[in-house]
Structures are given as C-alpha cells and as structure tokens.
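Trainee:
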Amino acid sequence: MTTHRKNSVILSSPEKSITNSGIRPVTFLSTPQSPSHERTISTLNNAIQIITVSSSAVSLPVVKGVLASVAGILNIIKTTIANKDDFQELVEQCQMIGLVVWRATSATPQHQLDGRIHRALTNLTSSVDGILKAVKAKTEKNVVSKAFHATIDQNTINKWKNELIRFLTLFNTEVNISTNLKVDELLSMDVTEEPDILPTRPRVFVGRSDLVQSATHALLKFHHVALIGPGGIGKSSIARAVLNDEAIVSKFQAKRYFVRFDDMDVTQVNLKTFLDHIMRALDFATPVNAYNVITKTLSTSETLLVLDNAETFLDATIDSGRIADAIDGFGAQSIGAILLTTRTTVLPPNMKWVRLQVPALEESAACEAFHAYYPSIETSILIKLLSAVDFHPLSINLLAQAAVQNEWSPQDLITAWDHQRATLLEAGDGKSQSLAVTIETSLNSPSFLKLGN
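All you need for this note's numbering is the position in the sequence shown, starting with 1, plus 1468.
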C-alpha cells in the first residue's frame, strides 16, 4: 500500500529499512528523482568507471596515487553526500583528471617519466589529496551512518572545483596534451561566480588621471610598475583605479588580483606568509607548492597582480632576499604584469620597473576632495588650511571627516585644527603611528569608503 505525502512516498515492499533486534523496522521516505539528478548520478558512475579503468591501465605509482584520491572523492560523493547535484561540475573535473592523466602517462615507463610531467603530477596529487582530506573532514563531522547524509555548501564546492580547474590547466601546460575538450577551453567556459575580492574604484577620485594613465599604459605592455610615495599619499587608491580601468579590465578580465599586505608588519613576514597571501587572493583552497602555482598562473594567461603595501615584504626582517627572488621569478613571465604600491624605493633588482612617484595633490584637486565631504567652507579659507597639511590626501580626508562627524562650522574646524594638529596628523613611517592606524581604521569604515586612501 502506498501512502502519499507531499512529494514523498512511503516505499512499499521491498522497503528500504534498518532492522535492529527488538526494534520495528524504520522505513525511509524517498523523494522522486528529477532528470537533473539522474544525469548527476549517471555522470558520477561514468567518472568512477573512467577512474577505475585508467588506474588499471597505468603502472606508475604516482599516477595510481592521484587516481586513487580522485576515486576516494567520487565514492564519498556517491555514498555519503546528500546534495549530489551540486557536485555535478566537480565530478566532471574528476572525470577529466582520469582522461588527462591517462593520456599523459599510459605509455610511459616509470624510469622514462619526464621531470616536468612528474612535477605536474606531484602538484596535481597534492591538490587532489587536499580536497579529499577536506571532503572527508566535512562528511566525518556530520555523518553518523549512511542513514544520515552530509550536505556541503555551494561555496565550498565551487572552491574545490575551481582549484581542480586551475591545477588541470597547469598540468595541461606542462605536458602539452589535450582531451576531447581541452582543459584550457574548459577553463574559459567556467563562469561560476566567485567571491568578489577585488576592491572597487574610489567613488571620489581626483587629481590622479595622469598617474592612472601612465600606469595603465605600462601594464598593458606587460611592463611592471611601482607606485612610490609616503604613507597616506594615495598609492592604494591609484592602484584601485588602475585595477578597474576600462582598458585593464578588457585586457586582463578575471585575471586581475589585488593582494593587501597591510595586516602585518615587517617582523611578521617571511617567504611562506608572502606566498600564502598571494595564494589566498588567487582563491586556491590549499597553498601547495605556492611559488610554482603562482608562477604558472602568471604564465598561462594574461594576468595582472597588484601587491599593495609592498614595503611590508620588501623590508621584511626575514627572507627579504628570497621574497625579492620570488618576485623576480613572477616578473619573468612574459604575459604577467605586476603593480606594486610601496613607500620604499628599493625594489627587486632583476626586473625593469616603471617607477611612478606619487606626489601630494594639486591645490584644486585637494579642495575638490575636501568639498566632496564638506562643501560649506570658502575656498580661500580651505586653501590655507590644506596647504598647512601640504595637500596630503589622507590628512585632507581626516580633516574633512572630523568636520562632518563633529558637525563643525568652518571656524570650529580651524580652531580644532589649531588644538588637535598633533593628534590628527601624527604621521610616521612605522605602522604603529596614530596616522597609520587611523588610515586603516578609516578605510574600513563606511564614512571613508568614498575617498579610499
């Protein structure tokens, strides 16, 4: 007998049930399967079969290892995951791994395996092993038995999928092979939305068009650019404007990365933390062989890498030489461009840099920036006030915000300036100085987002 319940049925004999001694059988509710779910199951079964056949056709331990990990991922999805349909694209990536790895290695004896292929396999294995470990951790935490299936959120799935796509692209580059659908074509078809990690162009941005134009012109030719100037002068704002310039967006598209180094000081940076920061910006779930991954990312497609607050790692007390060498390696890629913002003039030595000194604002631009927040002050009075701070962009920001937040009249502002000059404008090279702290605090508050830094 079948009892209907809102999109579910109680299965008639033979039921799916668990029987314990002295306990009545537990009957499960089964939801009718959609065509898309059936396609997912079919793809999953095909992928498992391809991995099984590929593994039996190769003899190399390193290849069997990566295929075993892929099989582990697929079997967990099949037996334990509730939201299997969300894994459709990741399953397709696993299937692609089986095809690509088999074609690259099936006819190659262990002792004849090319060093480049071996390195590519090692990187791919590390990525797959990391995902397998993460999948196991997610499911083991939630699953008590096969009767209780785990659900993994879409963002996590997308992150794993995108990591596999990237490593497959790097692998394809190393061994110069293709399948019926080339991996680089698959990558170009990937339109899954990723977290928006790019900063936007400052909403109020004045007096910097020449610098933006110069930086953009150089980067479009894959020349490396350094924006150099003291703290609070507006280097990061210029970098944000360049990053969102129409020509830059058209050229580099999704391969634009902005890496901030303002969350640490020179004593906390070493080569690993430097590379880890970049890896996170590239949205890699597991930072394995970070230098190689970053280098390959810069070499496989036209890429713009912005390193903000570069003095943090250029002046690092540990590994500064190794970090400079790493940047030299990144810069050697012919279709990758690097943009630095930095207070220091000492740059990695083995690269040709277009050095752009960032000066204070011109008088008219400084007044325009101030008026964007606080319009009710005469220009003649404002010029005198802003000249006292040398038209320094962040100092202008602080004064304007203080006037708005405290509802000061122009005279109140001038009086407050006379009494609080040291507090408002205590500038220094160290990040512990109050102005530097105010810069970071203000830039992350809603009231300062219009002007940036």
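Even glycine gets a Cβ: it sits at the ideal position worked out from N, Cα and C.
1) Distance, Cα to Cα, E1830 vs L1854?
2) By a C-beta neighbour count over all protein chains shown, 10 Å radius and 16 as the cutoff for buried, is P1843 buried or exposed?
3) Have a look at D1597 and K1604 and give me their C-alpha separation to the nearest angstrom.
4) For the beta strand (DSSP E) holding H1691, just list the boundary residues, first then last.
5) Considering only C-alpha positions, which residue in the set P1529, N1874, A1833 is nearest to P1861?
6) Could you have a look at G1566 and say whether DSSP puts it in helix, strand or coil?
7) Looking at H1767: is its Cβ nearer than 9 Å to the Cβ of G1799?
8) Please classify R1671 as buried or exposed, where buried requires at least 16 neighbouring CB atoms within 10 angstroms.
9) When you compare the region 1557-1566 with the region 1628-1639, are there three or more beta-carbon pairs, one atom per stretch, that lie closer than 8 Å?
10) Give a single yes or no on whether W1876 has its beta carbon closer than 8 Å to a heavy atom of the ligand MN.
11) Could you tell me the distance, in whole angstroms, from the CA atom of L1589 to the CA atom of P1529?
12) Buried or exposed for P1817, going by 16 or more other Cβ atoms inside 10 Å?
13) Can you give me the start and stop residues for the alpha helix (DSSP H) that F1742 sits inside?
14) So, is H1745 buried or exposed, given that buried needs 16 or more other C-beta atoms within 10 angstroms?
15) Taking only beta-carbon positions, decide if M1747 is within less than 9 Å of chain D.
16) What does the Cβ neighbour count give for E1557, buried or exposed, with the cut at 16 atoms within 10 Å?
17) Start and end of the beta strand (DSSP E) containing T1548?
18) Given 8 Å as the limit, is there contact between the region 1820-1829 and the region 1765-1781, that is, 3 or more CB pairs closer than that?
19) Say whether the region 1856-1876 touches the region 1694-1703, bearing in mind that this needs 3 or more beta-carbon pairs closer than 8 Å, one atom from each stretch.
20) Expressed to the nearest angstrom, what Euclidean distance is found between the alpha-carbon atoms of L1782 and R1507?
21) Taking the alpha-carbon of I1845 as reference, which of Q1879, Q1869, A1856, L1815 has the nearest alpha-carbon?
22) Should A1784 go down as buried or exposed, given a rule of 16 or more other Cβ atoms within 10 Å for buried?
23) Specify, as a first and last residue, the run of the beta strand (DSSP E) that Q1825 falls within.
24) Inspect the beta-carbon positions of K1552 and H1586 and report whether they are closer than 9 Å.
25) Are A1683 and A1722 close, meaning C-beta to C-beta below 9 Å?
26) From V1734 to T1780, what distance separates their C-alpha atoms?
27) Less than 8 Å between C-beta atoms, sequence neighbours within five positions excluded: which residues of the same chain meet that for T1668?
28) Would you mind giving the Cβ-Cβ distance between L1866 and I1791, rounded to the nearest angstrom? I have them listed as a contact below 8 Å.
29) For V1680, collect the residues of the same chain with a Cβ closer than 7 Å to its Cβ; drop the 5 residues on either side in sequence, then sort them by chain order.
30) Whole angstroms is fine: what's the gap from L1688's alpha carbon to F1838's?
31) For I1806, report the span of its alpha helix (DSSP H) as first-last.
32) Given this structure, state the Cα-to-Cα distance separating N1623 from N1630, to the nearest angstrom.
33) From the DSSP output, in three-state form, read off T1668 for me.
34) Go ahead and pull the three-state DSSP assignment for R1676.
35) What is the rounded straight-line gap between the Cα of K1606 and the Cα of I1620?
36) Using a Cβ-Cβ cut-off of 6 Å (strictly less than) and excluding sequence neighbours within five positions of W1821, which residues of its own chain qualify?
Mentor: For this structure:
1) For the purposes of this step, residue 1830 is taken as the residue at position 362 of the sequence shown. For the purposes of this step, residue 1854 is taken as the residue at position 386 of the sequence shown. Roughly 10 Å between the two C-alpha positions.
2) In the sequence shown, counting from the first residue as 1, residue 1843 sits at position 375. Classification of P1843: exposed, given that the 10 Å Cβ count is below 16.
3) Numbered from its first residue, the sequence shown carries residue 1597 at position 129. Numbered from its first residue, the sequence shown carries residue 1604 at position 136. Rounded to whole angstroms, D1597 to K1604 spans 10 Å at the Cα level.
4) The count along the sequence shown starts at 1 and reaches residue 1691 at position 223. Careful: H1691 lies outside any beta strand (DSSP E) and carries neither H nor E.
5) Taking the sequence shown and counting its residues from 1, one reaches residue 1861 at position 393. Comparing Cα-Cα distances from P1861 to each of P1529, N1874, A1833, the minimum goes to A1833.
6) Counted from its first residue, the sequence shown places residue 1566 at position 98. Note: G1566 maps to helix in three-state DSSP.
7) Residue mapping note: residue 1767 aligns to position 299 of the sequence shown, counting from 1. Residue mapping note: residue 1799 aligns to position 331 of the sequence shown, counting from 1. Note that residue 1767 is Ser in the sequence shown, not His. No; because the gap between Cβ atoms is not below 9 Å, this pair is not in contact.
8) Working through the sequence shown from its first residue, we reach residue 1671 at position 203. Exposed: under 16 other Cβ atoms inside 10 Å.
9) yes
10) The ligand MN is not part of the structure shown, which contains no ligands of any sort.
11) In the sequence shown, the residue the question calls residue 1589 occupies position 121. In the sequence shown, the residue the question calls residue 1529 occupies position 61. L1589 and P1529 have their C-alpha atoms some 11 Å from each other.
12) Reading the sequence shown from its first residue, position 349 is the one you call residue 1817. The residue is exposed, with fewer than 16 neighbouring Cβ atoms inside 10 Å.
13) As a working note, residue 1742 is residue 274 in the sequence shown. Looking at the DSSP string, the run of the alpha helix (DSSP H) that includes F1742 is 1739-1749.
14) Within the sequence shown, numbered from 1, the residue matching residue 1745 stands at position 277. That one is buried.
15) Note that chain D does not occur in the displayed structure, where there is just one protein chain.
16) Counting from 1 along the sequence shown, the entry for residue 1557 is found at position 89. When all chains shown are included, E1557 counts as buried.
17) Along the sequence shown, read from residue 1 onward, the residue named residue 1548 stands at position 80. Note, T1548: premise wrong, no beta strand (DSSP E); not H, not E.
18) Taking one beta carbon from each stretch, the region 1820-1829 and the region 1765-1781 have fewer than 3 pairs nearer than 8 Å; the two do not touch.
19) yes
20) Against the sequence shown, residue 1782 aligns to sequence position 314. Against the sequence shown, residue 1507 aligns to sequence position 39. Going from the Cα of L1782 to the Cα of R1507 covers about 52 Å.
21) By 1-based counting over the sequence shown, the position of residue 1845 is 377. The option with the nearest alpha carbon to I1845 is Q1879.
22) Here residue 1784 is taken as the residue at index 316 of the sequence shown, counted from 1. A1784 comes out buried.
23) As a first step, residue 1825 is located in the sequence shown; it is residue number 357 there, counting from the start. DSSP places Q1825 inside the beta strand (DSSP E), whose first and last residues are 1821-1825.
24) Position 84 of the sequence shown, counted from the start, is the residue given in the question as residue 1552. Position 118 of the sequence shown, counted from the start, is the residue given in the question as residue 1586. In this structure, K1552 lies away from H1586, with their beta-carbon atoms at least 9 Å apart.
25) Indexing the sequence shown from 1 puts residue 1683 at position 215. Indexing the sequence shown from 1 puts residue 1722 at position 254. No.
26) Counting from 1 along the sequence shown, the entry for residue 1734 is found at position 266. Counting from 1 along the sequence shown, the entry for residue 1780 is found at position 312. Answer to the nearest angstrom: the Cα atoms are 5 Å apart.
27) By one-based count along the sequence shown, residue 1668 stands at place 200. Result list for T1668: R1708, N1712, in chain order.
28) Within the sequence shown, the letter at position 398 stands for residue 1866. Within the sequence shown, the letter at position 323 stands for residue 1791. Rounded, the Cβ-Cβ distance is 32 Å, inconsistent with contact.
29) Counting from one through the sequence shown, the residue named residue 1680 turns up at place 212. Cβ within range, chain order: I1706, A1709, V1710, D1713.
30) Translated into the one-based positions of the sequence shown, residue 1688 becomes position 220. Translated into the one-based positions of the sequence shown, residue 1838 becomes position 370. So the alpha carbons of these two residues sit roughly 32 Å apart.
31) One-based indexing of the sequence shown puts residue 1806 at position 338. Premise fails: I1806 lies in the beta strand (DSSP E), 1804-1810, not in any alpha helix (DSSP H).
32) Within the sequence shown, numbered from 1, the residue matching residue 1623 stands at position 155. Within the sequence shown, numbered from 1, the residue matching residue 1630 stands at position 162. Taking the straight line from one Cα to the other gives about 10 Å.
33) What you label residue 1668 is simply residue 200 of the sequence shown in a count that begins at 1. Reduced to three states, the DSSP call for T1668 is coil.
34) Indexing the sequence shown from 1 puts residue 1676 at position 208. R1676 falls in the coil class under three-state DSSP.
35) Here the question's residue 1606 lines up with position 138 in the sequence shown. Here the question's residue 1620 lines up with position 152 in the sequence shown. Rounded to the nearest angstrom, the two C-alpha atoms are 7 Å apart.
36) For the purposes of this step, residue 1821 is taken as the residue at position 353 of the sequence shown. For W1821, where only same-chain residues beyond five positions count, the Cβ hits under 6 Å are H1692, A1694, L1815.
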